[in-house]
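> In the order they appear, the protein sequences are chains P and H.
One point on numbering: in the working numbering, the residue at position 52 of the first sequence is 52, and numbering is uninterrupted.
For any residue, its number in the working numbering is found by taking its place in the second sequence, counting from 1, and adding 1000.
Even for Gly, the Cβ is constructed at its ideal location relative to N, Cα and C.
Just so we're clear, the structure is a prediction, and the values are computed from it rather than from any experiment.
Here's a structure for you.
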Amino acid sequence: KNEVEQSPQNLTAQEGEFITINCSYSVGISALHWLQQHPGGGIVSLFMLSSGKKKHGRLIATINIQEKHSSLHITASHPRDSAVYICAVRGYSGGGADGLTFGKGTHLIIQP
Amino acid sequence: DGGITQSPKYLFRKEGQNVTLSCEQNLNHDAMYWYRQDPGQGLRLIYYSQIVNDFQKGDIAEGYSVSREKKESFPLTVTSAQKNPTAFYLCASSADFLRTGQETQYFGPGTRLLVL
């Protein structure tokens, strides 16, 4: 089973700072997801990556398949970015629903 | 609007009682999932269903049961056999990955279950 490690576990930064959250996994994957969980508990899917880089607004996600590593970057961070960011990976065991393994999440707080 | 709804938002269970958590989606998704989230841990898969009238156990299915009689609905029952049910429960759905290649999971708002 894939081991998914996120770092840091907790991150507090000032508004406007550039934020990087890291995700490493132990076994080759077919796709990696970045999710955002707000204090109320609801989860939103931010990105799905299988290679390269994706950008959406101030969010950028990159993945290095050879190094088994992905990063989520937030530019010009804002207090509304405060949330838990979760990395999840899908292995090659099948295309079905059972393939996702989740990291424990990174708790981000952006102070004004 | 399309989406996933879960009810109730908070649920209290007494000792020895079975409780059922509701999950409904109008996204026309084939696959549905139930996850459990505990403090300091990643989401763990309880059950999943790829098609109506079929479901499979996830990593922590003991003490739980599900049904999938309709495409839109995937209720989860927490039975009295689940000795530590206090957690945040999340339902999700996705299109058929094998058929569409799309695997983004859409999550409901969650149900927080507390034991009295």
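1. In chain order, what residues of the same chain lie with their CB nearer than 6 Å to the CB of Ala1081/H, ignoring the 5 residues before and after it?
2. By DSSP, does Arg1068/H sit in helix, in strand, or in coil?
3. Inspect the beta-carbon positions of Pro1085/H and Val1115/H and report whether they are closer than 8 Å.
4. Step through the CB atoms of chain H and report whether any lies within less than 8 Å of the CB of Gly103/P.
5. Beta-carbon separation of Gly105/P and Ile74/P under 8 Å?
6. Can at least three beta-carbon pairs, one atom from the region 57-66 of chain P and one from the region 1013-1024 of chain H, be found at a separation below 8 Å?
7. Report yes if the C-beta distance between Ile43/P and Phe1074/H is below 8 Å; otherwise report no.
8. Restricting to runs no shorter than 3 residues, where is the beta strand (DSSP E) found entirely within the region 1023-1072 of chain H?
9. Rank Lys54/P, Pro79/P, Ser50/P by C-alpha distance to the C-alpha of Ile29/P and give the top, closest one.
10. Would you kindly report the start and end of the unbroken beta strand (DSSP E) that includes Lys1009/H?
11. Could you check the C-alpha separation between Leu1045/H and Ala88/P for me, to the nearest Å?
12. For chain H, find out if any of its Cβ atoms is closer than 8 Å to the Cβ of Arg80/P; answer yes or no.
13. Give me the residue from Asn1053/H, Val1052/H, Tyr1048/H with the minimum Cα distance to Asp1059/H.
14. Report buried or exposed for Phe1055/H, applying the criterion of at least 16 other Cβ atoms within 10 angstroms of its Cβ.
15. Classify Arg80/P as helix, strand or coil using the three-state DSSP reduction.
16. Does Glu1103/H have its Cβ less than 8 Å from a Cβ in chain P?
17. Any idea which residues DSSP pairs Glu5/P with across the strands?
18. Which same chain residues end up closer than 6 Å to Val1052/H when comparing Cβ atoms and leaving out the 5 residues on each side of it in sequence?
19. DSSP state of Ser1093/H, grouped into three classes?
20. Between which residues of its own chain and Glu15/P is the CB-CB distance below 7 Å, once the five residues before and five after are set aside?
21. Provide the residue(s) that pair with Thr75/P in DSSP beta bridges, ordered along the chain.
22. May I ask you to list the residues that DSSP assigns as paired with Gly52/P?
23. Look up Arg1112/H in the DSSP assignment and give the residues it is bridged to.
On the basis of the supplied data:
1. Numbered from 1 along the second sequence, position 81 holds the residue referred to as residue 1081/H. Cβ neighbours of Ala1081/H beyond the five flanking positions: Gly1063.
2. For the purposes of this step, residue 1068/H is identified with residue 68 of the second sequence, where counting begins at 1. Three-state DSSP puts Arg1068/H in coil, outside helix and strand.
3. The count along the second sequence starts at 1 and reaches residue 1085/H at position 85. The count along the second sequence starts at 1 and reaches residue 1115/H at position 115. Cβ atoms of Pro1085/H and Val1115/H: closer than 8 Å.
4. Mapped onto the first sequence, residue 103/P falls at position 103. Yes, Gly103/P lies at the interface with chain H (some Cβ there is under 8 Å from its Cβ).
5. Here residue 105/P refers to the residue found at position 105 when the first sequence is read from its first residue. Here residue 74/P refers to the residue found at position 74 when the first sequence is read from its first residue. No. Outside cutoff.
6. Taking one beta carbon from each stretch, the region 57-66 of chain P and the region 1013-1024 of chain H have fewer than 3 pairs nearer than 8 Å; the two do not touch.
7. Walking along the first sequence from the start, residue 43/P turns up at place 43. Walking along the second sequence from the start, residue 1074/H turns up at place 74. With contacts defined as CB atoms closer than 8 Å, Ile43/P and Phe1074/H fail to qualify as a contacting pair.
8. For the region 1023-1072 of chain H, whole beta strand (DSSP E) runs of length 3 or above, ordered along the chain, are 1031-1037, 1044-1051, 1054-1057, 1064-1066.
9. Here residue 29/P is taken as the residue at index 29 of the first sequence, counted from 1. That would be Ser50/P, whose Cα lies nearest to the Cα of Ile29/P.
10. Mapped onto the second sequence, residue 1009/H falls at position 9. Neither: Lys1009/H is in no beta strand (DSSP E) and is coded neither H nor E.
11. Along the second sequence, read from residue 1 onward, the residue named residue 1045/H stands at position 45. Along the first sequence, read from residue 1 onward, the residue named residue 88/P stands at position 88. Spanning the two alpha carbons is a distance of roughly 12 Å.
12. Walking along the first sequence from the start, residue 80/P turns up at place 80. Cβ-Cβ to chain H under 8 Å: no for Arg80/P.
13. In the second sequence, residue 1059/H corresponds to position 59, counting from 1. Tyr1048/H is the residue among Asn1053/H, Val1052/H, Tyr1048/H whose C-alpha sits nearest the C-alpha of Asp1059/H.
14. Reading the second sequence from its first residue, position 55 is the one you call residue 1055/H. By the 10 Å Cβ count, Phe1055/H comes out buried.
15. Taking the first sequence and counting its residues from 1, the one referred to as residue 80/P is at position 80. The three-state reading of DSSP puts Arg80/P in helix, counting H, G and I together.
16. Taking the first residue of the second sequence as 1, we reach residue 1103/H at position 103. At a cut-off of 8 Å between beta carbons, Glu1103/H contacts chain P.
17. Position 5 of the first sequence, counted from the first residue, corresponds to residue 5/P. Answer by DSSP bridge pairing, in chain order: Ser24/P.
18. The residue labelled residue 1052/H in the question sits at position 52 within the second sequence. Here the set comprises Arg1068, Lys1071.
19. Here the question's residue 1093/H lines up with position 93 in the second sequence. In the structure shown, the three-state DSSP call for Ser1093/H is strand.
20. Along the first sequence, one-based indexing puts residue 15/P at 15. Here the set comprises Ser77, His78, Pro79, Ile110, Gln111, Pro112.
21. The residue given as residue 75/P occupies position 75 in the first sequence. Bridge partners of Thr75/P: none, in fact.
22. Within the first sequence, numbered from 1, the residue matching residue 52/P stands at position 52. The partner list for Gly52/P (beta bridge, DSSP) reads Ile63/P.
23. Counted from its first residue, the second sequence places residue 1112/H at position 112. Beta-bridge pairing links Arg1112/H to Tyr1010/H, Phe1088/H.
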